[in-house]
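Shown next, in structure tokens, is the structure this report addresses.
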Amino acid sequence: MTLSVPTANAVDLRTEPVDRVFDQVEQSLGVHLDRETVVRKRRSVGARTDRDSWVRIERRGLDRVGKQGWDGAACAEALQGVAKPTWYGSVSWRGASEGVMWRADETALLPGAPVGTSIVAVDPDVSDGWWGALNASLDALAAQQSNRIATPDTESITQLLVNETIWSVFPKSLDTTVEQWRLAHADLNWANVTAPEFCLFDWEDWGMAPRGLDAATLWGASLAVPALAERVRRERREDFASRDGMVMTLFVAAKILGPHAHPEDPRLVPARAVSEQVIKELQAG
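If you count the sequence shown from 1, position 14 lands on 14 in the UniProt record's numbering, and the numbers rise without skipping.
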């Protein structure tokens, strides 16, 4: 007999009341959350505490917790050479409604403000030093190993997922076999990095992934600003020039160009143009 995992109803924490959740976190972690500093996202909320730390709270269905759990922030403490906030502690509990779990992670405060929203429409104009720190962190991350599997968009990235995502938009004749798997943050966008000092946060989804996933993800988040997207490709040129980097470029582009694409999305034209070039290069071998 196969036991099914209860599925949680979709909830947008940008609009849902979370006072009771805050009360639970305060009691469990022994902190006071400053309601004036609350930042709401679709599946997480966060706030500053009275001991100069930050608490991020996430709601996730049991079906989305996965085999590796969802202790990404805690596990990321083992990573070396990566600019990220120090993790202090956490608490998790099962919600009153079946199939729902909550988790709160307390970390050091960020050294600066998030650069912007996940997808930017204006060049954030970060410094050359910022790009250098980004590269140093991504290179240090890629040089390490873990048994964690990256979960971009909370879905474990596998060869099958790569194939299906790319082939849903591009020719099925394309060979999308991944050759190199490296550690990745797996949610590298402009809402998860700070400036002027570089810091990479929100480590819930990190793990092993095809080489170039992070570079391609940041590129996809930059496409509405052509010069910025080109800067990403230039800074991470070795990733993009690799075969796996090309495959990841198509993986990200397929999500932009797929059936749910908005016809006025400014990323559509550049994503299609780069994809056509990448396909030619892959087919040429």
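C-beta atoms are modelled at their ideal positions from N, C-alpha and C, and glycine is treated no differently.
Note that the structure is a prediction, hence the values are computed from the model and not measured.
- Secondary structure at Pro152: helix, using DSSP grouped into helix, strand and coil.
- At a Cβ-Cβ threshold of 8 Å, Ala47 and Arg64 do not count as neighbours.
- Under the three-state reduction of DSSP output, Arg237 falls in the helix class.
- Leu174 and Gly245 have their C-alpha atoms some 14 Å from each other.
- The beta-carbon distance between Ile57 and Val39, rounded to whole angstroms, is 11 Å. This is too long to meet the 8 Å contact definition.
- DSSP places Ile57 in the strand class (E or B) of the three-state scheme.
- Excluding sequence positions up to five before and after Arg272, its CB lies within less than 8 Å of the CB of Ala253, Leu257, all in the same chain and listed in chain order.
- In the DSSP assignment, Pro210 is bridged to Trp181.
- Counting the other Cβ atoms within 10 Å of the Cβ of Glu204 gives 16 or more, which makes it buried.
- Inter-residue distance for Pro171 and Val274 is about 15 Å (C-alpha atoms, whole angstroms).
- The criterion of a C-beta distance shorter than 8 Å is not satisfied by Glu77 and Gly89.
- The DSSP-derived three-state label of Ser28 is helix.
- Comparing alpha-carbon positions, the option among Val11, Gly220, Lys280 lying closest to Lys255 turns out to be Gly220.
- Assignment of beta-bridge partners to Met101 by DSSP yields Arg60, Arg94.
- Leaving aside the five residues that flank Val232 on each side, the residues in its chain whose CB is nearer than 6 Å to its CB run, in chain order, Leu218, Trp219, Ser222.
- Taking the Cα of Ala121 as reference, the smallest distance to any Cα among Leu228, Ala113, Gln144 is reached at Leu228.
- A distance of 8 Å or more separates the beta carbons of Leu13 and Val55.
- Taking all protein chains in view, the Cβ of Val100 is crowded by 16 or more other Cβ atoms within 10 Å, so the residue is classified as buried.
- Around the C-beta of Glu155, fewer than 16 other C-beta atoms lie within 10 Å, and the residue is accordingly described as exposed.
- Look at Arg267 here: in three-state DSSP terms it is coil, with no helix or strand label.
- According to the DSSP assignment, Arg243 belongs to the alpha helix (DSSP H) that extends over 243-257.
- Between Leu141 and Val82, the C-beta spacing is below 8 Å.
- Taking all protein chains in view, the Cβ of Pro226 is surrounded by fewer than 16 other Cβ atoms within 10 Å, so the residue is classified as exposed.
- By the Cβ criterion, the stretch 257-269 is not in contact with the stretch 183-202, since fewer than three pairs of Cβ atoms, one from each stretch, lie closer than 8 Å.
- In this structure Trp206 is in contact with Ala150, their Cβ atoms being roughly 6 Å apart against a cut-off of 8 Å.
- Counting the other Cβ atoms within 10 Å of the Cβ of Leu109 gives fewer than 16, which makes it exposed.
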